[in-house]
Structure formats: structure tokens, C-alpha cells
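Sequence positions in the sequence shown follow my numbering and run 496 to 556.
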Amino acid sequence: MAKTWQGLPRCDMKLGGLTVLISTVKGDLQETAGDHSAQLGINHFGFRVDDMDEACTELKA
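Given below as C-alpha cells:
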């Protein structure tokens, strides 16, 4: 079964134990400064860690 997000095709894959979701956008989407609903590119990403405090300490270093 094909995956979709907001009615558009989406590819979900596992790479080295990480989940990567690649979404498409509507063909008529135009970026407008200050309009955060019309963003192209990387939207967000996350990390899975065993120890949140240790991970925060490493990121701050």
C-alpha cells in the first residue's frame, strides 16, 4: 500500500535503523517569507538516544 501525507505520495524507509520520511509537495506551492506553512527542504529531524541528559551535554560541548 502506498503511503501518503496530505493526499500526496510519501516514501518511508529505514536506513541503518533510522526512519526517513520523504514527502512531496503540491506543484503550485510557492514559498513566501514568513509563511511557515509553505516550506520546502528539510522540515525537521530527530535523534533517538539512550540517555537524554548525556546527549544534551554532548550537544552543548
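Just so you know, even glycine gets a beta-carbon here, dropped at the ideal spot from N, CA and C.
Where residue i falls: helix, strand or coil (DSSP)
| i | result |
| --- | --- |
| T514 | strand |
| K555 | helix |
| D548 | helix |
Distance CB(residue i)-CB(residue j) smaller than 8 Å
| i | j | result |
| --- | --- | --- |
| D560 | K498 | Examination of residue 560 is not possible in this model, given that the chain is present from 496 through 556 alone. |
| T519 | L503 | yes |
Residues near residue i in its chain [Cβ-Cβ closer than 6 Å; skip 5 each side]
| i | result |
| --- | --- |
| R543 | none |
| I517 | C506 |
| A550 | V544 |
Opposing strand residues paired with residue i [DSSP bridges]
| i | result |
| --- | --- |
| R505 | K498 and S518 |
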